[in-house]
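Notes follow once the structure below has been shown.
Number of protein chains: 2
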Amino acid sequence: MASLSIGQLAQQAGVAIDTVRYYERNGLLAPAGRLASGYRRYGTTELRRLCFIRRAKALGFSLDDIRTLLTLSDEQDVSRIREAAQRKRDDIERRIAELERIRAALDTLITACPGHGRAEACPILRALTQEDSP
Amino acid sequence: MASLSIGQLAQQAGVAIDTVRYYERNGLLAPAGRLASGYRRYGTTELRRLCFIRRAKALGFSLDDIRTLLTLSDEQDVSRIREAAQRKRDDIERRIAELERIRAALDTLITACPGHGRAEACPILRALTQEDSP
DNA sequence: ATTGACTCTGGACTTGAGTCCAGAGTGCAG
DNA sequence: CTGCACTCTGGACTCAAGTCCAGAGTCAAT
Numbered sequence: 012m013a014s015l016s017i018g019q020l021a022q023q024a025g026v027a028i029d030t031v032r033y034y035e036r037n038g039l040l041a042p043a044g045r046l047a048s049g050y051r052r053y054g055t056t057e058l059r060r061l062c063f064i065r066r067a068k069a070l071g072f073s074l075d076d077i078r079t080l081l082t083l084s085d086e087q088d089v090s091r092i093r094e095a096a097q098r099k100r101d102d103i104e105r106r107i108a109e110l111e112r113i114r115a116a117l118d119t120l121i122t123a124c125p126g127h128g129r130a131e132a133c134p135i136l137r138a139l140t141q142e143d144s145p
Numbered sequence: 012m013a014s015l016s017i018g019q020l021a022q023q024a025g026v027a028i029d030t031v032r033y034y035e036r037n038g039l040l041a042p043a044g045r046l047a048s049g050y051r052r053y054g055t056t057e058l059r060r061l062c063f064i065r066r067a068k069a070l071g072f073s074l075d076d077i078r079t080l081l082t083l084s085d086e087q088d089v090s091r092i093r094e095a096a097q098r099k100r101d102d103i104e105r106r107i108a109e110l111e112r113i114r115a116a117l118d119t120l121i122t123a124c125p126g127h128g129r130a131e132a133c134p135i136l137r138a139l140t141q142e143d144s145p
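Residue numbers (my numbering), protein chains in the order written: chain H, 12 to 145; chain U, 12 to 145.
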């Protein structure tokens, strides 16, 4: 046990086989050990690393971010990991604020739109067609 | 006046020249009128339409959405415009909820991380390295 | 030994919304 | 008339994160 084919690894980590090879090509996973046949072989270390990547992605980190995180975690650099997490949190906060701004604008327009009648009465069209605000 | 070169149009609408040509190629703007030289000429109609596109993009609509909106606004179909706006609002709401979930998770991790010391004490690393939850 | 499932490679393709380019032709101020 | 800024075209390129492919080789169960 604890020796996995690429298919088993991918399945256990919940990613596609191509994704595993893609991560290897792009330095997120170290080059895998090989059987005589050339088939890749994996152990639990690689499985854990792959799961790390999947979870970090779910937290909104890009593969580039994750490469950094992996380096930092190898270096045991806790303070820099914390900083990276904070930067990402702030980043996500900004995206939330922007989306909320957009949602509020849409809400205003939708509420004001009668949903029938002449186009001139539709505030959504009017808002999109205003002459002001370059 | 009211006759603009592509550069003037782009500048007044706040987009790049290449973007104007790109929109024309992709059916968001009608093929522009031409001078004898082949230079495109624009009027206020096109400027308004281009601004419409810019504003709709700022509201989170994709160019594909906008193509639909433009068709609907030509058809004066107010009820369907309202529906499109509502769908987009719901879409944005889902994205906000997802980002808030991520932010909460990051907040938990950051709060618990001492920011120094051994890696084993860092909950961010621990969370990303857990063996549970495939 | 045969089958069917698996794996290998390098490279091309995808999506969305542009951006950049070379090489040629134009417009206009001084 | 010179020079510089502008515009034209078709096509290639960018970004991220994969996904798909053909053609060849391999593994494991029957």
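No residue lacks a Cβ here, since even glycine has one placed at the ideal position from N, Cα and C.
Worksheet item: Is H/Arg51 closer than 8 Å to H/Ile107 when the C-beta atoms are compared?
Response: no
Fill in: Three-way DSSP call (helix, strand, coil) for H/Tyr50 in this model
coil
Worksheet item: Is the beta carbon of H/Ala13 sitting closer than 8 Å to the one on H/Leu61?
Response: no
Worksheet item: In terms of DSSP beta bridges, what is H/Gly44 paired with?
Response: H/Arg52
Worksheet item: Expressed to the nearest angstrom, what Euclidean distance is found between the alpha-carbon atoms of H/Val31 and H/Arg45?
Response: 14 Å
Discussion item. So that I know if they touch, is there some Cβ in chain U lying closer than 8 Å to that of H/Ile28?
Written reply: no
Worksheet item: Roughly how many angstroms separate the alpha carbons of U/Tyr53 and H/Leu80, rounded to a whole number?
Response: 51 Å
Worksheet item: Are U/Leu58 and U/Leu15 closer than 8 Å when you measure CB to CB?
Response: yes
Fill in: the ligand SAM heavy atom lying under 7 Å from the CB of U/Arg60
Inclusion of the ligand SAM in the displayed structure is not the case, the ligand content being empty and no account of it being possible.
Item to complete: With DSSP as the reference, please indicate the residues paired to H/Leu15 in a beta bridge.
Response: H/Tyr53
Worksheet entry | Beta-carbon separation (whole angstroms), H/Ala95 vs H/Leu83, contact threshold 8 Å | 7 Å
Item to complete: Could you run through the stretch 68 to 93 of chain H and flag, in chain order, every residue whose CB is less than 7 Å away from some CB of chain U?
Response: Leu70, Gly71, Ser84, Gln87, Val89, Ser90, Ile92 and Arg93
Worksheet item: If we call anything under 8 Å between Cβ atoms a contact, is U/Val26 one with H/Gly128?
Response: no
Discussion item. Please confirm whether H/Leu136 has its beta-carbon closer than 8 Å to some beta-carbon of chain U.
Written reply: yes
Discussion item. I'd like to check one pair, U/Glu35 with U/Ala43: are the Cβ atoms closer than 8 Å?
Written reply: yes
Worksheet item: Using DSSP with H/G/I as helix, E/B as strand and the rest coil, what is H/Pro134?
Response: helix
Worksheet item: Of the choices H/Arg93, H/Ile113, H/Glu109 and H/Arg105, whose alpha-carbon is the least far from that of U/Lys99?
Response: H/Ile113
Worksheet item: So, helix, strand or coil for H/Leu20, using DSSP?
Response: helix
Worksheet item: Going along chain H in order, which residues have a C-beta closer than 9 Å to the C-beta of U/Leu15?
Response: The premise fails here: U/Leu15 is roughly 14 Å from chain H at the closest Cβ pair, so nothing lies under 9 Å.
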